[in-house]
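Numbering (our numbering), first residue to last: 30 to 235. Cβ atoms here follow ideal geometry from the backbone N, Cα and C, with glycine treated the same way. None of the values given here were measured: they were computed from a predicted structure. Scroll down for the structure; my scribbles are underneath it.
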Amino acid sequence: MGRRQILESAITAKSPEALGDLYSQWAGSYDNDLLNEMGYKAPATTASIFQQFHTDKVGTILDVGCGTGIVGALLSDSGYPAIEGLDYSDAMLHEAKKKGVYRELFQADLNKTLTVANDRYSALISVGTFTFAHVGPEALHELIRITRPGGVICFTVRSEAWNEHGYKGFTEDLEAQGKWALLDRQTIDYIEEEHSTCEVLVYRVS
Ligand SMILES: C[S@@+](CC[C@H](N)C(=O)[O-])C[C@H]1O[C@@H](n2cnc3c(N)ncnc32)[C@H](O)[C@@H]1O
């Protein structure tokens, strides 16, 4: 399967098992395919936005849907010392471990309740995980629960998924309920080869 077909299969997967199988096959060539061949811009841009809002380098950050660890490596290069990673795919976590930048890596399904304590993290970052056939807006409840009050949550949503999966109403309802406050929203280039964009949202948890 070529890289365009793999990406297409990732956003049209019919079940978590099918998606997991796909990432198992893709893990070894994922970084080269996306970063070098397809122009995956979102990690660098999002890491840069995150750094504007999470300037405290003392607390622990969780990279949500860390994949092979592209985002963790960027944050580590920028001097963040305490980064953990969560992903559904053991194969992607295996690749992330090789980067040597995460204090801890663990397998979890963001579509379920997480076995993580309330207020555990100072900040969360998530790139490329809120998209079709992956994770939907309902998972934001758990992300808020595991972030300490005052902490930052920065995440991307593929722009078509933002429009089709009700993210606007969902995120605004959470704000109306006093769960978090919007700090920033931008539309950025996502994957150059497919001319796609994603939304980057930054919230402060209440
Ligand atoms: C496009 S990759 C992004 C990985 C990394 N953040 C990056 O930017 O390269 C999406 C990741 O989400 C993970 N994922 C998909 N569904 C998930 C779920 N339900 N729970 C946790 N991780 C999930 C996949 O295993 C994959 O590693």
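Per the C-alpha coordinates, the member of E113, D148, A146 positioned closest to Y131 is E113.
Per DSSP, the continuous alpha helix (DSSP H) segment holding A39 begins and ends at 32-39. For S155, the beta-bridge partners assigned by DSSP are F184. For A111 and T144, the gap between their C-alpha atoms comes out near 20 Å.
Secondary structure note for Y232: its beta strand (DSSP E) is the uninterrupted segment 226-234. L115 carries a strand assignment under DSSP once its states are collapsed to helix, strand and coil. Per the DSSP secondary-structure output, D213 pairs in a beta bridge with V231.
Per DSSP, the beta bridge partners of D92 are G114, I154.
Within the chosen limit of 6 Å, ligand 1 does not reach the beta carbon of I78 with any heavy atom.
Excluding sequence positions up to five before and after L172, its CB lies within less than 7 Å of the CB of V93, L153, I182, all in the same chain and listed in chain order.
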